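If you're matching them up, the sequences are chains L and B in order.
Numbering follows the numbering used here, in which position 22 of the first sequence is assigned residue number 105; successive positions increment by one, without gaps.
Numbering follows the numbering used here, in which position 293 of the second sequence is assigned residue number 376; successive positions increment by one, without gaps.
Quick reminder that beta carbons are idealized off the backbone N, C-alpha and C, glycines included.
A quick note: this is a predicted structure, and the numbers were derived from the prediction, not measured.
See structure below.
Number of protein chains: 2
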Amino acid sequence: MTKTAAIIGGGVIGGGWAARFLLNGWNVNVFDPDPEAERKIGEVLDNARRSLPALSDNRIMQEGSLTLVETIAETVKDSDWIQESVPERLEMKHKVFAEIQAHCRKDALIGSSTSGFKPSELQEGASNPAQIFVAHPFNPVYLLPLIELVGAPQSCARAKSTLETIGMHGLIVKKEIDAHIGDRFLEAVWREALWLIKDGIATTQEIDDAIRYGFGIRWAQMGLFETYRVAGGEAGMKHFIAQFGPCLSWPWTKLMDVPELTDELVDMIADQSDAQSGMHTIRELERIRDDNLVAMMRALKARNWGAGALIKQQDDANAPALPTQIDKPLRTLERVIPIDWTDYNGHMNESRYGQVFSDAGDVVMNMIGADQAYIDSGLSYFTVENLIQFRNETHPGEEIHVQTQVLQAEGKKLRLYHEMNRANGELLCTCNQLLIHVSLETRRSCEPGGEMAAKMKALHEAQTKLPKPESMG
Amino acid sequence: MTKTAAIIGGGVIGGGWAARFLLNGWNVNVFDPDPEAERKIGEVLDNARRSLPALSDNRIMQEGSLTLVETIAETVKDSDWIQESVPERLEMKHKVFAEIQAHCRKDALIGSSTSGFKPSELQEGASNPAQIFVAHPFNPVYLLPLIELVGAPQSCARAKSTLETIGMHGLIVKKEIDAHIGDRFLEAVWREALWLIKDGIATTQEIDDAIRYGFGIRWAQMGLFETYRVAGGEAGMKHFIAQFGPCLSWPWTKLMDVPELTDELVDMIADQSDAQSGMHTIRELERIRDDNLVAMMRALKARNWGAGALIKQQDDANAPALPTQIDKPLRTLERVIPIDWTDYNGHMNESRYGQVFSDAGDVVMNMIGADQAYIDSGLSYFTVENLIQFRNETHPGEEIHVQTQVLQAEGKKLRLYHEMNRANGELLCTCNQLLIHVSLETRRSCEPGGEMAAKMKALHEAQTKLPKPESMG
């Protein structure tokens, strides 16, 4: 059954939550008294729609419905997850929670996006304190998977498993502390950066370069400790700490003190930031950022690592069923074109049509039993010939599907004819693909076994009876 | 003329410098009295050879020669760049610099990999102080582009332009301070992480997840300030500081104090790290890390952003000349297969053969004048048909080249026949490619102008006289 999320406060963070739920098929109710709320959420949604769906390689997200609601009572009453993202004022949050708990379901999850308050503070005076927990996201909420969960163990555990279904990673923080985990690091780096600017050591641009050309790329995939474990070499983590540990007492840093945020310092930072990024509007920067994040997360996905491994897990969990009706053309693939498949002409690069057909061919392989276990056992299919005819362009974000007809499935040979179409049925490209059954040990062709031969025979008989696809001419 | 680097100290950092120079065509002399030096450098080189070359999409790196030398005098005497990476003991560094300056060229650059010392400290008692500067790299040195340069402006400026030729970004730090820039951030985060572990808030794994599922991916492409600029929205950086600034005075953090590194804390970290990553050897982790970095940096390269933009710049600067001898088959492409082009079979995915042929076709387009400026003017070629015949597999790290014959270049039509080969000449794949000249405005075919037609005619006449390639059968 379709689940419902209630979003209380529809700014950048609340809007990001709304988009994350909505694009994962939830219905979303939003409460925000700001007359600009609809426009603001619409902008976040635009960004989310052009970036989130293409993280997946095997499903097209069916959006839920979005409703702006006039009262908190109406917003929360049938909701499974209620997310509070109002300004960081404790008395305001207390009022909001009282209103929520007066009208919500007893089993609803109530998360707060707060970075400034601990759950014990949020829960003060609540009718059902254990229901309220911290669910602290990171911007852009529709792309970054991390949610810090702090609160009653049972609420956090339920929240964690719900978050998994919308592609997020709930990190349960064992004890409540100010600023949870991530923001403590951000705060530490922020202070240090302010000193560097104030003291004229480096500009905002130089500091950003120092991060993104150096440890930033390391941290994107392994974080701090695994990176240092590698740096420590075979001697391991103890060795590394022995080497690096003493630095802690060196006079390396101004961390012991906090720079005063004078008008002069604020102006200096703002001017440097203008010089660095002023050639782009914020909207442009958001899209550049999102495209970069999607491309890097998809790169990590192909390595099955870090944030990419989370996306792969979700894809695997949502893998579409194999076609079962073998007496009709096979619907072998449905997907969205991702940003990393485009070229200088702005459309999908010709090689990625090949990717689509390669993936569609995999589905037929799976249908006859050549799945991952089969490949792991040392047998597979290799493509030996593709005739690809390009009919039309396609662009990032477009939904496409592939219809496949089996032309031959006998002995070592599997010959497929794929038609790639837009959602409206317009033909984009065709591919006549010949695959050969091989031994992965000898890397040479060989006959498939009896079980596979039987499945191939059934497929061959059912499919070769069908009329030739029109596009074959 | 081939340049020479002298590497003094061949550990992980010195070995990384050696690999970076060597794979960019420099000859490298290494001095390291450790009897294990050759093995250690060999291990770093193995890692570098399997990851660095494939960052490029258009050149095959010709390695220089590596020599282990017995004395500092011999190591440095003809070197253009001398890099000191000995242990962080000032008196040892002073001895090494004295020995270097007694034997090196007056115009040699002398960089130090130190993270702990300022250039003024390194230069104490030197015969030519201004020659010595900090050139602080980040591990793995063969992949990460950042070098912090601190010292005399003239030396730093020369170092910066030399670094560019080996794919690195020299960041000139305007004033010397302890720990330069990057390590101040690392130090701040390290302290905070130690508190989180000591206080039982999070494990090493949870801290790494908090980084790599959250701000780590953001920082990999935009760093700190540009990320916050976006978060501030249209109101800009001042607005952001106004919002976030006050947090600086909140009691959010233990940064004001330093945890004592007791045996108990060290054991706790080591145990948690074993639980997190102990299933991989350090060698495996190095390769996982390098493959992740290459894949993400290549993803950023396709977006022309951050560390990827640096790689693209270097590729563009090293772009091979277009073939000029048009009466012979055209050598249209030479490259190394990158890690992000592989699939579950462990070899290059079939779609990436299409990428290679697409890139080879671009070279012929360039030869007849359909270059980036032409495309920007609103005209281009689209591929309408590819017949790809796969003969053999290829794997990450392999050098391949494409030989192209023009079968037709008349009117709107450009028909090419590509043969993709291994370095030893073995045929990997062929492609018969038909391209059509199009208007990017109407997205329909149109006749090319007179200048292009003339170039096409010359190419057509020269190439169609050649015998048909044997592989066409």
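Is DSSP giving residue i helix, strand or coil here?
i, result
"Trp-109 of chain L", "coil"
"Ala-88 of chain B", "strand"
"Ile-165 of chain L", "strand"
"Val-256 of chain B", "coil"
"Val-272 of chain L", "helix"
"Gln-145 of chain L", "coil"
"Val-485 of chain L", "strand"
"Ala-537 of chain L", "helix"
"Ser-139 of chain L", "coil"
"Met-448 of chain L", "helix"
"Lys-321 of chain B", "helix"
"Lys-176 of chain L", "helix"
"Lys-160 of chain L", "coil"
"Val-152 of chain L", "coil"
"Leu-248 of chain B", "At residue 248 of chain B the sequence reads Thr, which differs from the Leu that was named. Helix."
"Arg-188 of chain L", "coil"
"Asn-432 of chain B", "coil"
"Thr-425 of chain B", "strand"
"Ile-284 of chain L", "coil"
"Glu-502 of chain B", "strand"
Assuming residue i and residue j are in contact, meaning their beta carbons sit under 8 Å apart, how far apart are those beta carbons, in whole angstroms?
i, j, result
"Cys-239 of chain L", "Leu-232 of chain L", "4 Å"
"Ala-382 of chain B", "Asp-423 of chain L", "6 Å"
"Lys-538 of chain L", "Gly-461 of chain L", "The Cβ separation is near 19 Å, so there is no contact."
"Thr-248 of chain B", "Asp-163 of chain B", "At roughly 11 Å, the Cβ-Cβ gap does not stay under 8 Å, so Thr-248 of chain B and Asp-163 of chain B are not in contact."
"Tyr-25 of chain B", "Ile-519 of chain B", "Here chain B covers residues 84 to 556 and nothing more, so residue 25 of chain B does not appear."
"Met-198 of chain B", "His-263 of chain B", "A quick correction: the sequence has Ser, not Met, at residue 198 of chain B. 7 Å between Cβ atoms; contact."
"Thr-466 of chain B", "Gln-516 of chain B", "6 Å"
"Leu-149 of chain B", "Ala-101 of chain B", "7 Å"
"Met-45 of chain L", "Pro-406 of chain L", "Outside the shown range of chain L, which is 84 to 556, sits residue 45 of chain L, and nothing can be said about it."
"Asp-374 of chain L", "Ser-134 of chain L", "7 Å"
If we count the other Cβ atoms within 10 Å of its Cβ and call it buried at 16 or more, is residue i buried or exposed?
i, result
"Pro-236 of chain B", "exposed"
"Pro-334 of chain B", "With a pLDDT of 45 at Pro-334 of chain B, under the threshold of 50, the predicted position of this residue should be treated as unreliable, though the coordinate-derived value follows. Result: exposed."
"Cys-30 of chain B", "Any property of residue 30 of chain B remains undetermined from this structure, which presents chain B solely from 84 to 556."
"Cys-514 of chain B", "buried"
"Thr-158 of chain L", "buried"
"His-219 of chain L", "buried"
"Cys-529 of chain B", "exposed"
"Asp-442 of chain L", "buried"
Counting only beta-carbon atoms, is residue i nearer than 8 Å to chain L?
i, result
"Phe-298 of chain B", "yes"
"Gly-533 of chain B", "no"
"Thr-477 of chain B", "no"
"Leu-405 of chain B", "no"
"Ile-143 of chain B", "no"
"Leu-390 of chain B", "It is worth fixing the name first, because residue 390 of chain B is Ala in this sequence and not Leu. It does; some Cβ of chain L falls within 8 Å."
"Phe-216 of chain B", "no"
"Val-272 of chain B", "yes"
"Trp-302 of chain B", "yes"
"Gly-437 of chain B", "yes"
Could one say the Cβ of residue i lies closer than 8 Å to chain B's Cβ atoms, at least one of them?
i, result
"Glu-309 of chain L", "yes"
"Pro-228 of chain L", "yes"
"Pro-334 of chain L", "At Pro-334 of chain L the pLDDT is 45, less than 50, meaning the model places this residue with poor confidence; the figure from the coordinates comes in the next sentence. Closer than 8 Å to some Cβ of chain B, the Cβ of Pro-334 of chain L qualifies, so yes."
"Ala-293 of chain L", "yes"
"His-252 of chain L", "yes"
"Lys-70 of chain L", "No information on residue 70 of chain L is available, as it lies outside the stretch 84 to 556 that chain L covers here."
"Arg-312 of chain L", "yes"
"Gly-306 of chain L", "yes"
"Lys-258 of chain L", "yes"
"Asp-423 of chain L", "yes"
"Leu-376 of chain L", "yes"
"Ile-472 of chain L", "The amino acid occupying residue 472 of chain L in the given sequence is Gln; Ile does not appear at that position. So, interface residue."
"Leu-331 of chain L", "Caution is warranted here: a pLDDT of 49 is assigned to Leu-331 of chain L, below 50, making its placement in the model unreliable, and the coordinate value is therefore given only provisionally. With 8 Å as the cut-off, Leu-331 of chain L counts as an interface residue toward chain B."
"Asn-469 of chain L", "yes"
"Gly-480 of chain L", "no"
In chain order, what are the residue ranges of uninterrupted beta strand (DSSP E) at least 3 long that sit wholly in the region 195 to 232 of chain L? 215 to 220
Contiguous beta strand (DSSP E) assignments of at least 3 residues, all confined to the region 355 to 419 of chain L: 413 to 419
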